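Asker: Residue numbers (the numbering used here): 4 to 307.
Ideal placement from N, C-alpha and C gives every residue a C-beta, glycine not left out.
Just so we're clear, the structure is a prediction, and the values are computed from it rather than from any experiment.
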Amino acid sequence: MAKVISVKNLVKKYGKLIAVNGISFDVGQGEIFGLLGENGAGKTTTLEMIEGLRTPTSGSIEVLNCDIVERRDAVKERIGVQLQSSAYYQFLTLREILELFASFYAKNISAQKLLKLVDLEHKSGSLIGNLSGGQRQRFSIVASLVNDPEVVFLDEPTTGLDPIARRNLWDLIIKIKDQGKTIILTTHYMEEAEILCDRVAIMEMGKILVMDETHKLVEKSKFPYTITFIDKKISEKKLNELKKYAEVGNVFGKESKYFLKIKNQAAMTDVLKLVQAINPESLTVGRATLEDLFIELTGKQIEE
Ligand code: ATP
């Protein structure tokens, strides 16, 4: 796979604070690459250095085989950056904003075609402030496509949206990938990363903790299998039996909701028999998620 982005030993310091601390990674053509991490991990700083909006303290970044610091203008024509909706002109209509942006580029796509892509043709004469949150997010993504870019940067594209609006945006992001574009995104939603991203890097305090294909990362969890069940408080004896095969806890302190983390398939079979013997009110058998791995690695919950 051809390399579209190559980051080497990237560092960004703000005074004494090291926001990005020597990270390296490549992104291949046509990939969706996700940067995850808690607030302040360094995701936006990393993204904005790759976009050419912030200057690295040290290290190198190549985008489409150009050094971003030296050839920012050449790269700018070929990338698309999603802006927060507050950054748009509030007194222009959607069509006018897209036409204005298009005028900055040699190559561009018509406002009508872009608005059609996100089902906002009927809003072409509206001001951005008159859109719903979901419509605004859709517009901000499509506005990043005005120059038909080869690489698209999305910083928390679905934050604050309801589940349906979020899924609509996932469809849009997949559509963009299907056009052969490369996408780098940041997100706080583990489920989103698991569904969308081909590869993921989890950052903490400016460093990359782990990076791999998304499904392989999940397999790295110490406890790949899970069982959740609901029952009235179970006896100490039964609890101890379960503990022989699994880590046992209560889901967010709820006494009747138990969460079991299991190391391998053999233990899964044994523990399942024990749980079934309890005859619980509800039982869910599953596998670890990216969120489980994230919590395992960082000891924190990302959406908090
Ligand atoms: P979030 O999920 O909250 O958006 P993030 O992972 O994107 O966080 P960054 O915005 O990259 O994190 O910030 C990384 C660190 O750098 C934070 O400690 C932040 O306070 C600091 N920082 C970011 N921008 C600046 C700046 N312009 N000046 C000084 N410090 C900054």
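(1) Is residue 25 near the ligand ATP, going by C-beta to nearest heavy atom under 6 Å?
(2) Go to residue 215, then tell me how far its beta strand (DSSP E) extends in each direction, as first and last residue.
(3) Would you mind reading off the limits of the alpha helix (DSSP H) that contains residue 42?
(4) Take the Cβ of residue 165 as the centre, count every other Cβ of all protein chains shown within 10 Å, and call the residue buried at 16 or more, exposed below.
(5) For residue 82 versus residue 152, is the C-beta spacing smaller than 7 Å?
(6) How many Å lie between residue 284 and residue 116 at the Cα?
(7) Which partner residues of residue 29 appear in the DSSP bridge assignment?
(8) Using the beta-carbon count (16 or more within 10 Å), is residue 100 buried or exposed?
(9) Name all residues in chain order for which at least one heavy atom of the ligand ATP lies closer than 6 Å to the residue's CB.
(10) Is residue 305 helix, strand or coil when you go by DSSP?
(11) Ignoring anything shorter than 3 residues or poking outside the region 174-200, list the beta strand (DSSP E) runs there in chain order.
(12) Write down every uninterrupted run of the beta strand (DSSP E) in the region 227-296 whose length is 3 residues or greater and which is fully enclosed by it, in chain order.
(13) By DSSP, does residue 133 sit in helix, in strand, or in coil?
(14) Are the beta-carbon atoms of residue 309 and residue 187 separated by less than 7 Å?
(15) Can you name, in chain order, every residue of its own chain whose Cβ lies under 6 Å from the Cβ of residue 128, other than the five neighbours on each side?
(16) Check whether the Cβ atoms of residue 85 and residue 147 lie closer than 7 Å to each other.
(17) Determine which residues share a DSSP beta bridge with residue 58 and list them.
(18) Note down, one range per segment and in chain order, each alpha helix (DSSP H) of at least 4 residues found wholly within the region 59-130.
(19) Might you give, ordered along the chain, the residues of its own chain that have their beta carbon closer than 8 Å to the beta carbon of residue 80, omitting 5 neighbours on each side?
(20) Near residue 104, which residues of its chain fall below 7 Å by C-beta distance, leaving aside the five closest residues on each side in sequence?
(21) Do you know how far the Cα of residue 30 is from the Cα of residue 12?
(22) Taking its Cβ as the centre, do 16 or more other Cβ atoms sit within 10 Å of residue 132, making it buried, or is it exposed?
(23) Might you give, ordered along the chain, the residues of its own chain that have their beta carbon closer than 6 Å to the beta carbon of residue 114, omitting 5 neighbours on each side?
(24) Short check: CB of residue 382 to CB of residue 32, under 7 Å?
(25) Assuming residue 207 is part of the beta strand (DSSP E), what are its boundary residues?
(26) Please go through the same chain and pick out, in chain order, the residues whose beta-carbon is closer than 7 Å to the beta-carbon of residue 289, but skip the five residues on each side of it.
(27) Nearest by alpha-carbon distance to residue 182: which of 212, 77, 154, 227 is it?
Answerer: Answer, in terms of the structure:
(1) no
(2) 210-216
(3) First-last for residue 42: undefined, no H or E at that position.
(4) exposed
(5) yes
(6) 52 Å
(7) 9
(8) A buried status is given to residue 100, since no fewer than 16 other beta-carbon atoms sit within 10 Å of its beta-carbon.
(9) Answer in sequence order: 17, 20, 22, 40, 42, 43, 44, 45, 46, 47, 48.
(10) Confidence is the limiting factor: at residue 305 the pLDDT is only 42, short of 50, which leaves the residue's position unreliable and the question unanswerable from this model.
(11) Runs of beta strand (DSSP E) with 3 or more residues, each lying fully within the region 174-200, are found at 185-190, listed in chain order.
(12) 228-233, 249-253, 260-265, 285-290
(13) helix
(14) The requested residue 309 does not occur in the structure, where the chain is confined to residues 4 to 307.
(15) Excluding residues within five positions, the ones whose Cβ falls inside 6 Å are 96.
(16) Contact flag set, yes.
(17) Bridge partners of residue 58: none, in fact.
(18) 75-79, 97-105, 114-120
(19) 108, 109, 110, 150
(20) Short of 7 Å from the beta carbon of residue 104, and not among the five residues preceding or following it, lie these beta carbons of its own chain, in chain order: 146, 149.
(21) 15 Å
(22) Exposed, because fewer than 16 other Cβ atoms sit within 10 Å of the Cβ of residue 132.
(23) Closer than 6 Å at the Cβ level, and outside the excluded window around residue 114, lie 98, 101, 102.
(24) No statement about residue 382 is possible, as the shown extent of the chain runs from 4 to 307 and does not include it.
(25) Residues 202-207.
(26) 229
(27) 154
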